[in-house]
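Student: The following block contains the structure, expressed as structure tokens.
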Amino acid sequence: MRKNKFFISRIAAYKSGIIFASIMALIGSAAQIFIPNQVKKIADLVQKNMNGDIDLSAVVPIVAVSVALIAAYGLLTLIQNLIMSKVKGRMGRDLRSELIGKTDRLPLSFMDRMTIGDLQSRIVNDVDTMTGAVSEIAVNMPANIVKLVLLLVLMFATNVYMTLSLLAATVLGFIATAFVLKKSRPQAVKLQKAAGEVNAVIAESFSGHLVIKAFNCENDMTEHFESKNEKMLKSSRLSRFYSGIVYPIMSFSGNLSYVAVCITAAILFSVGSSNITFGSLAAFILYAGFISTPISEVFNSFSIFQPAAAASDRIEEILSAEELTDPEKPVEAKKVEGAVVFDHVKFGYVPDQIVLHDLSADIKPGQKVAIVGPTGAGKSTFVNLLMRFYEPQGGRILLDGVPIDEMGREYLHNCIGMVLQDTWTFCGTIRQNIVYSTPDVSDERLAQIIDACGLSFFVEALPDGVDTVISEQSEISAGQRQLITIARAMAKDAPVLILDEATSSIDTRTELLIQKAIDKLTEGRTSFVIAHRLSTIRNADCIFVMKDGDVIETGKHEELLEKGGFYKELYYSQFDQEQA
Amino acid sequence: MKLTLRFLKAKDKISLLICLICVTAQSWLDLKIPEYISAITLRVQTNGVKPEDLVEPGLIMLACALGSLLFSILSSFFISGASSNLTTRMRSAVYTKTMSFSLGEMSRFQTASLITRCTKNINYIYQFWANGALFLMKAVVLATLAIIKMAGSDTAWLTSTGAAVILTLILMGVIFAVTIPKMLKLQTFTDDENRFIGEHLNGIRVVHAFNAQQYEENRFDKTNSKLTDISIFVERGMSFLLPGMITIIYGLTIAIYWIGAGIIAGDPVTERAADYANMIAFSSYAMLCVQAFIMLVKGLVLVPGLATSIKRIREVLDTDILIKDGDGAESDTEQPAAVEFRHVSFRYPGAAADTIADISFTANPGETVAFIGATGCGKTTLLNLIPRLYDATEGEILINGINVKQYKLNDLRSLIGYVPQKASLFTRSIASNIDFGDNGGFAKSLGEIEQAAMIGQADEFIRQKPEGYDTVILPGGNNLSGGQKQRLTISRAVCRDPGIYLFDDSFSALDFSTDKKLRSALRNHAKGATILVVAQRISTIRSADKIIVLDGGAVKGCGTHEQLLKSCPIYREIADTQLLNEGVSGGAVQ
Numbered sequence: 022m023r024k025n026k027f028f029i030s031r032i033a034a035y036k037s038g039i040i041f042a043s044i045m046a047l048i049g050s051a052a053q054i055f056i057p058n059q060v061k062k063i064a065d066l067v068q069k070n071m072n073g074d075i076d077l078s079a080v081v082p083i084v085a086v087s088v089a090l091i092a093a094y095g096l097l098t099l100i101q102n103l104i105m106s107k108v109k110g111r112m113g114r115d116l117r118s119e120l121i122g123k124t125d126r127l128p129l130s131f132m133d134r135m136t137i138g139d140l141q142s143r144i145v146n147d148v149d150t151m152t153g154a155v156s157e158i159a160v161n162m163p164a165n166i167v168k169l170v171l172l173l174v175l176m177f178a179t180n181v182y183m184t185l186s187l188l189a190a191t192v193l194g195f196i197a198t199a200f201v202l203k204k205s206r207p208q209a210v211k212l213q214k215a216a217g218e219v220n221a222v223i224a225e226s227f228s229g230h231l232v233i234k235a236f237n238c239e240n241d242m243t244e245h246f247e248s249k250n251e252k253m254l255k256s257s258r259l260s261r262f263y264s265g266i267v268y269p270i271m272s273f274s275g276n277l278s279y280v281a282v283c284i285t286a287a288i289l290f291s292v293g294s295s296n297i298t299f300g301s302l303a304a305f306i307l308y309a310g311f312i313s314t315p316i317s318e319v320f321n322s323f324s325i326f327q328p329a330a331a332a333s334d335r336i337e338e339i340l341s342a343e344e345l346t347d348p349e350k351p352v353e354a355k356k357v358e359g360a361v362v363f364d365h366v367k368f369g370y371v372p373d374q375i376v377l378h379d380l381s382a383d384i385k386p387g388q389k390v391a392i393v394g395p396t397g398a399g400k401s402t403f404v405n406l407l408m409r410f411y412e413p414q415g416g417r418i419l420l421d422g423v424p425i426d427e428m429g430r431e432y433l434h435n436c437i438g439m440v441l442q443d444t445w446t447f448c449g450t451i452r453q454n455i456v457y458s459t460p461d462v463s464d465e466r467l468a469q470i471i472d473a474c475g476l477s478f479f480v481e482a483l484p485d486g487v488d489t490v491i492s493e494q495s496e497i498s499a500g501q502r503q504l505i506t507i508a509r510a511m512a513k514d515a516p517v518l519i520l521d522e523a524t525s526s527i528d529t530r531t532e533l534l535i536q537k538a539i540d541k542l543t544e545g546r547t548s549f550v551i552a553h554r555l556s557t558i559r560n561a562d563c564i565f566v567m568k569d570g571d572v573i574e575t576g577k578h579e580e581l582l583e584k585g586g587f588y589k590e591l592y593y594s595q596f597d598q599e600q601a
Numbered sequence: 003m004k005l006t007l008r009f010l011k012a013k014d015k016i017s018l019l020i021c022l023i024c025v026t027a028q029s030w031l032d033l034k035i036p037e038y039i040s041a042i043t044l045r046v047q048t049n050g051v052k053p054e055d056l057v058e059p060g061l062i063m064l065a066c067a068l069g070s071l072l073f074s075i076l077s078s079f080f081i082s083g084a085s086s087n088l089t090t091r092m093r094s095a096v097y098t099k100t101m102s103f104s105l106g107e108m109s110r111f112q113t114a115s116l117i118t119r120c121t122k123n124i125n126y127i128y129q130f131w132a133n134g135a136l137f138l139m140k141a142v143v144l145a146t147l148a149i150i151k152m153a154g155s156d157t158a159w160l161t162s163t164g165a166a167v168i169l170t171l172i173l174m175g176v177i178f179a180v181t182i183p184k185m186l187k188l189q190t191f192t193d194d195e196n197r198f199i200g201e202h203l204n205g206i207r208v209v210h211a212f213n214a215q216q217y218e219e220n221r222f223d224k225t226n227s228k229l230t231d232i233s234i235f236v237e238r239g240m241s242f243l244l245p246g247m248i249t250i251i252y253g254l255t256i257a258i259y260w261i262g263a264g265i266i267a268g269d270p271v272t273e274r275a276a277d278y279a280n281m282i283a284f285s286s287y288a289m290l291c292v293q294a295f296i297m298l299v300k301g302l303v304l305v306p307g308l309a310t311s312i313k314r315i316r317e318v319l320d321t322d323i324l325i326k327d328g329d330g331a332e333s334d335t336e337q338p339a340a341v342e343f344r345h346v347s348f349r350y351p352g353a354a355a356d357t358i359a360d361i362s363f364t365a366n367p368g369e370t371v372a373f374i375g376a377t378g379c380g381k382t383t384l385l386n387l388i389p390r391l392y393d394a395t396e397g398e399i400l401i402n403g404i405n406v407k408q409y410k411l412n413d414l415r416s417l418i419g420y421v422p423q424k425a426s427l428f429t430r431s432i433a434s435n436i437d438f439g440d441n442g443g444f445a446k447s448l449g450e451i452e453q454a455a456m457i458g459q460a461d462e463f464i465r466q467k468p469e470g471y472d473t474v475i476l477p478g479g480n481n482l483s484g485g486q487k488q489r490l491t492i493s494r495a496v497c498r499d500p501g502i503y504l505f506d507d508s509f510s511a512l513d514f515s516t517d518k519k520l521r522s523a524l525r526n527h528a529k530g531a532t533i534l535v536v537a538q539r540i541s542t543i544r545s546a547d548k549i550i551v552l553d554g555g556a557v558k559g560c561g562t563h564e565q566l567l568k569s570c571p572i573y574r575e576i577a578d579t580q581l582l583n584e585g586v587s588g589g590a591v592q
């Protein structure tokens with residue numbers, strides 16, 4: 022029951038609203054139950070005096086009570102719904118906020134183990150499932166159980182035989198419905214799967230349209246599509262058929278209850294039973310109309326509970342995961358100059374697959390370090406460790422003499438500006454994307470930055486300038502996005518700078534334009550530059566040549582070329598002519 | 003409606019007709035049941051009734067209920083067939099039409115929108131026909147029959163029933179009028195929220211690097227609160243629906259009995275039993291009538307969405323395709339093939355200026371011609387004109403001396419191995435991704451596929467995969483790196499063994515040594531082929547026979563690397579950023 026504890030604690034957090042709503046629901050249900058009784062009273066009154074004078078004034082108070090009951094039912098149910106709407110909305114909002122906040126505090130190694138789709142589905146779908154179940158489980162189920170019990174008591178009190186026959190008919194109806202549902206569910210799952218396949222083919226065909234055309238693959242793809250579409254047709258027919266007969270079966274079971282009630286009543290009348298009245302028949306016709314609702318809703322609540330518990334489980338798994346820790350007494354460097362030392366660092370993303378074996382490096386303040394090497398050599402890992410995105414398994418990394426794991430993370434990140442390999446922009450204005458979380462960036466400073474990054478032409482052409490919203494659909498190129506991320510690092514203005522493939526999506530002419538900006542940005546700062554283009558690297562103070570997780574050569578460009586090692590090989594591989 | 007009819011075959015029209023008949027029969031039987039309730043009530047009032055007198059109406063009631071069930075099942079059967087057939091055919095038509103689009107139509111509609119049209123919009127039409135249509139049919143038939151049954155009854159009863167129906171319509175009308183516009187907004191806000199979450203999770207490293215946790219949380223709070231407020235609003239609006247409807251139904255029941263008591267009180271004693279039975283029957287009819295109107299509104303609410311969906315589908319189906327098949331002038335399709343541009347200009351439909359203007363050049367078999375220039379200079383557009391993904395606005399493009407417009411599209415494209423900028427692969431095995439499409443030949447042998455992969459420098463990483471060439475590529479190529487995807491798309495083009503290769507910036511994700519190896523393997527393999535390359539890196543193209551420098555859609559220089567270094571300032575500028583100083587000034591590397 023551990024998993025339900027989280028769920029229950031969540032419900033408890035909104036207890037005042039939920040308890041109030043539950044009380045409303047209980048009173049409302051009780052009021053609803055007594056409405057048929059009023060109908061019975063009117064019918065009995067009429068029937069008793071069938072052969073004499075009917076006292077219509079006696080009907081008035083019954084009607085008055087009925088109106089009061091109906092109004093009470095309607096209003097209380099409405100109030101309960103209104104309260105629960107708010108509770109559900111708040112609960113969902115709070116859970117989503119907590120989850121988003123939590124993702125910021127989780128180690129990246131934890132995030133790497135989850136796919137983004139999975140995390141997203143927990144934040145979106147699981148939260149919905151869980152909050153959707155709250156009113157069912159906390160409010161409706163108790164109210165329905167009370168309703169059912171009251172109804173049974175009233176029914177038995179009115180007439181035992183009719184109650185039994187009505188129950189028998191209802192149960193029979195439920196068995197039939199359950200049978201059909203059991204048949205229809207696998208069909209629905211099949212249809213969902215078939216539809217998923219069709220949609221996947223459609224998405225793939227339309228987004229790969231250009232290639233399909235260029236390779237004369239239309240016929241092949243269309244055949245593929247038609248076979249999936251045909252499969253979906255069969256599933257859809259069956260599934261629709263089965264789901265289509267659930268309602269008729271339910272309504273048949275409703276009709277069956279009427280028949281059962283009427284026949285029983287008729288038999289009771291004909292044998293001259295003493296406690297059968299027309300009023301009872303009228304009341305039972307109404308009972309028959311709503312006995313099935315609470316029963317099916319209680320069952321429904323049970324079926325909702327299982328997935329909701331699973332969803333709450335998945336949410337809790339995230340919320341209870343261990344967060345990043347900061348040292349209790351964080352140390353700060355006396356003065357941030359940007360001296361970085363890697364001292365025998367050993368690291369693997371997965372413990373038994375070591376990426377960096379024994380990496381040592383000593384970077385002086387203000388040095389411009391270029392990291393080069395083939396794909397998979399560990400270049401990004403190098404800077405990821407400096408950012409403390411991951412913790413090394415051995416060795417230490419020091420910033421200005423202080424081991425970075427003794428610093429506060431916030432402090433460390435304040436010291437380092439970074440342009441990441443994946444260009445990341447979000448749906449917001451250009452200003453928001455550049456200024457981001459850096460406080461107090463003046464308009465002049467922003468204009469300077471935009472100008473330095475070669476973005477001014479682009480920004481001026483936009484309808485709202487820097488306040489233009491950029492989104493997925495915006496006509497903005499990968500290069501422009503990358504320039505925005507460079508501008509973001511510029512705005513942050515930190516003593517140490519990391520550029521991880523910062524210009525890979527920028528065409529060469531634009532790169533030429535912003536190279537000056539980058540040079541200016543790296544001036545007087547310790548900087549780490551990872552790049553494919555060796556031209557970017559040429560004027561570094563020191564080049565780290567990495568291969569298979571180790572720095573195998575270090576030195577200036579000319580020194581390394583003279584040395585004639587791996588760097589030289591790498592360098593000349595960009596030309597067709599092999600060097601002697 | 004016309005569109006829907008187009009996709010309904012005679013068989014389906016008959017199905018729908020049968021369905022309507024079944025619904026009518028079912029509603030008629032549903033309304034019979036109250037009649038027998040009232041008959042039983044009447045019989046028990048007469049003194050000395052025996053149980054067996056009641057068996058007959060009881061059994062008839064049961065038969066009615068069973069009959070109603072049977073007809074419901076039948077109507078479900080027929081509507082399932084008709085609605086599924088209808089939408090399967092529609093989906094197929096939209097798919098086939100879209101596949102016949104050229105790039106121009108694709109970009110006019112946008113891929114995402116076309117996917118939505120072919121999936122969600124068609125699904126909406128399905129939902130309407132499978133559920134909504136049956137709802138509407140039932141509602142109309144049931145309401146009509148119930149009204150017929152009730153006709154001639156007591157005016158007060160009828161008035162109160164009419165009032166209940168009107169109240170129900172007002173209630174539902176107001177609720178839907180208030181909530182439906184908000185529901186559309188709710189959808190947008192949900193999309194925003196999902197987008198935010200996706201963005202946030204993708205950018206988690208940036209969040210850490212910029213200490214932006216608090217910033218992001220504040221940003222999320224805004225989106226989140228907006229979504230929460232509107233969803234509470236919508237849910238609250240809908241909260242009125244059920245209690246409101248049930249209140250009306252109960253109120254109507256009480257009203258009928260109250261009025262009924264008055265009628266019976268005023269009756270002569272002999273007619274009282276009959277009116278009592280009428281009262282019970284009438285209250286059942288009234289309930290069914292109100293329910294029918296509820297169903298009617300629920301069905302009608304779906305109609306505006308249906309109209310939108312149909313409109314969006316019609317837009318696709320009614321689109322004229324600009325690029326038509328040529329007459330199939332029998333050219334000498336023997337490879338290799340020369341490519342010639344004669345004063346070619348191109349302008350996107352509706353654009354103010356030409357994307358490329360007055361381009362002329364010739365690429366002969368065995369030659370490599372490269373294009374270089376800044377983003378947006380028209381390089382990709384130029385390549386797209388050759389396989390007629392677009393048609394040139396002016397001028398002509400010739401392959402082996404014949405205008406590309408004269409070829410059958412299939413023949414034309416069979417000549418070409420195209421490697422697009424964006425590496426799109428398909429969810430199937432690596433082998434069938436490499437042996438992709440039809441170039442008039444037979445499916446390739448595994449040996450040929452492997453050879454193509456070797457030339458594309460993909461063989462090595464493919465073999466490292468546990469399932470090798472049978473590895474199935476995940477949607478979006480998620481089990482491959484950017485460079486690996488690019489190598490596969492190159493292998494795919496090589497596998498066709500075409501006379502003309504088109505590379506659209508296809509080497510950017512490769513490191514320099516792979517890039518170099520690939521180019522020399524390709525040249526070795528396809529000695530006589532015409533190769534057209536768009537590239538960013540000087541190193542990729544410096545050995546080309548001819549380099550064309552594009553700027554603003556026009557040719558700004560044409561020649562070999564060495565010639566251009568001397569004659570073309572733009573080229574020199576580009577080269578300067580990329581090559582060593584000594585490489586540029588010396589005119590050659592060391």
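Those sequence lines, one after another, are chains H and V. Residues in the first sequence are numbered from 22 upward in steps of one, following my numbering. Residues in the second sequence are numbered from 3 upward in steps of one, following my numbering. Yeah, the Cβ is synthetic: ideal placement off N, Cα and C, and Gly gets one too. Source: prediction; values computed, not measured.
In chain order, what are the residue ranges of uninterrupted alpha helix (DSSP H) at least 4 long that sit wholly in the stretch 92-164 of chain V?
Tutor: The qualifying runs are 105-111, 113-118, 124-129 and 135-152.
Student: In three-state terms, what does DSSP make of residue 367 of chain H?
Tutor: Walking along the first sequence from the start, residue 367 of chain H turns up at place 346. Three-state DSSP puts residue 367 of chain H in a strand.
Student: With a threshold of 8 Å, are at least 3 pairs of Cβ atoms found where one atom belongs to the stretch 355-369 of chain H and the other to the stretch 377-384 of chain H?
Tutor: Flag = yes, the stretch 355-369 of chain H and the stretch 377-384 of chain H touch.
Student: Quick check: does the Cβ of residue 16 of chain V come within less than 7 Å of any heavy atom belonging to the ligand SAM?
Tutor: No copy of the ligand SAM appears in this structure; indeed no ligand is present at all.
Student: Would you list, in chain order, the members of the stretch 60-74 of chain V that have their beta-carbon closer than 7 Å to a beta-carbon of chain H?
Tutor: So the close ones are 60, 63, 64, 67, 70, 71 and 74.
Student: At the 8 Å Cβ level, is residue 161 of chain V part of the contact set with chain H, yes or no?
Tutor: One-based indexing of the second sequence puts residue 161 of chain V at position 159. Chain H, which has no Cβ nearer than 8 Å to the Cβ of residue 161 of chain V, makes this no.
Student: Considering Cα atoms alone, identify which of V/233, V/188, V/556 and V/540 is closest to residue 567 of chain V.
Tutor: Taking the first residue of the second sequence as position 1, residue 567 of chain V is located at position 565. Selected option, being the one with the closest Cα: V/540.
Student: Closest by CA to residue 306 of chain H, which one among H/64, H/573 and H/320?
Tutor: Position 285 of the first sequence, counted from the first residue, corresponds to residue 306 of chain H. Answer by Cα proximity: H/64.
Student: Just how far apart, CA to CA, sit residue 416 of chain V and residue 551 of chain V?
Tutor: Here the question's residue 416 of chain V lines up with position 414 in the second sequence. Here the question's residue 551 of chain V lines up with position 549 in the second sequence. Each residue's Cα considered, the two are about 28 Å apart.
Student: Whole angstroms is fine: what's the gap from residue 61 of chain V's alpha carbon to residue 277 of chain H's?
Tutor: Residue mapping note: residue 61 of chain V aligns to position 59 of the second sequence, counting from 1. Residue mapping note: residue 277 of chain H aligns to position 256 of the first sequence, counting from 1. When rounded, the distance between both Cα atoms is 11 Å.
Student: Got a sec: is the Cβ-Cβ distance from residue 145 of chain H to anything in chain V below 8 Å?
Tutor: Taking the first sequence and counting its residues from 1, one reaches residue 145 of chain H at position 124. Judged by the 8 Å Cβ criterion, residue 145 of chain H is in contact with chain V.
Student: Indicate the three-state DSSP secondary structure (helix, strand or coil) for residue 503 of chain V in the structure shown.
Tutor: Reading the second sequence from its first residue, position 501 is the one you call residue 503 of chain V. If DSSP states are grouped into helix, strand and coil, residue 503 of chain V belongs with the strands.
Student: Within the stretch 300-348 of chain V, note down every full beta strand (DSSP E) run reaching 3 residues or more, in order along the chain.
Tutor: You should have 341-348.
Student: Chain V partners of residue 129 of chain H, CB-CB under 8 Å?
Tutor: Indexing the first sequence from 1 puts residue 129 of chain H at position 108. Within chain V, the residues near residue 129 of chain H are 206, 207 and 210.
Student: Counting beta carbon pairs with one atom in the stretch 219-230 of chain H and one in the stretch 110-119 of chain V, are three or more of them shorter than 8 Å?
Tutor: Touching, per the Cβ criterion.
Student: Cα-Cα, which of H/270, H/406, H/474 and H/25 is closest to residue 200 of chain H?
Tutor: Residue 200 of chain H sits at position 179 when you count from the first residue of the first sequence. Cα-wise, what sits closest to residue 200 of chain H is H/270.
Student: Note down, in chain order, every chain V residue with its Cβ under 9 Å from the Cβ of residue 141 of chain H.
Tutor: Position 120 of the first sequence holds residue 141 of chain H. In chain order: 196, 199, 200 and 203.
Student: Quickly, what does DSSP pair residue 439 of chain H with across the bridge? List them, please.
Tutor: Within the first sequence, the letter at position 418 stands for residue 439 of chain H. Answer by DSSP bridge pairing, in chain order: H/519.
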